[in-house]
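Here is the structure we will look at, set down as structure tokens.
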Amino acid sequence: MITLSYDDTSTLYRAAKMGDTDLVREFIANGTDKNATCRRGYTLLHHAAKYGHKETVRYLIEIGANIHALVNGGITPLHRAAYSGCIETVNAIIEAGAEVNVVDCLGHTPLHGAARFGHSAIVSRLLEKGANKHALDAKGFTPLDEAVKYYQRQAIAILAFSE
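To convert, count from 1 in the sequence shown and add 12; that's the working numbering.
Take a look at the structure:
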């Protein structure tokens with residue numbers, strides 16, 4: 013069994029952040045918990061999802077990493093993937109059964125984040141999978157409000173004209 017410090021700069025977490033699936037696989041094969049968290053509470057899946065590493069995300073899902081893992085702020089791997097802009101990573105997490113309307117401590121759904129950062133393909137995908145475009149965050153803002161606030165024209169069009 014390998015003992016790690018579980019901080020964000022350890023080799024394991026750098027491997028997840030960099031998408032080094034082979035190294036992540038090696039750590040897991042040598043006894044590292046697939047749901048181990050760094051000192052900030054993020055799992056390997058959170059890190060790989062944030063940086064859009066679809067192969068690493070798929071591997072972690074395949075071995076049973078927790079797609080519903082929450083950090084202190086209620087952020088899930090799907091939140092991180094939606095904010096990152098990698099549609100393949102979002103698809104992998106959704107296909108594994110992630111809840112598309114999950115909210116963090118600020119009331120943000122993955123759709124709020126995708127709209128804010130203008131990831132129009134992800135906005136469309138989340139809507140196709142049942143994301144609530146009328147969801148209100150803690151300040152009373154919808155995903156459309158986020159898109160407008162940050163001048164995300166494509167996301168505005170998708171959200172304004174979707175059913």
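We put the CB at the ideal spot given by N, CA and C, even for glycine.
Asked: Inter-residue spacing [alpha-carbon to alpha-carbon] between Arg178 and Ile40; Found: Residue 178 lies beyond the range of the chain shown here (13 to 175); nothing can be said about it.
Asked: Between the CA atoms of Val83 and Asp32 - distance to the nearest angstrom; Found: 23 Å
Asked: Supposed contact pair Val36 and Ala28 - C-beta distance, whole angstroms, cut 8 Å; Found: 6 Å
Asked: Beta-bridge partners of Thr68, as assigned by DSSP; Found: According to DSSP, Thr68 bridges with nothing at all.
Asked: Proximal residues to Leu121 (C-beta, below 6 Å), its chain only, five neighbours per side dropped; Found: Sequence inspection shows Thr at residue 121; the Leu mentioned does not correspond to that position. Excluding residues within five positions, the ones whose Cβ falls inside 6 Å are Asn113, Val115 and Ala147.
Asked: Exposed unless 16 or more other CB atoms sit within 10 angstroms - verdict on Ile75; Found: exposed
Asked: Contact check, Cys117 vs Gly64, beta carbons under 7 Å; Found: no
Asked: Under 7 Å between C-beta atoms of Ser104 and Arg70; Found: Note that residue 104 is Ala in the sequence shown here, rather than Ser. A contact, by the Cβ cut-off of 7 Å.
Asked: Span of the alpha helix (DSSP H), counted from its first residue to its last, around Thr23; Found: Thr23 to Met30
Asked: Euclidean distance between Cα positions of Thr23 and Ala126; Found: 29 Å
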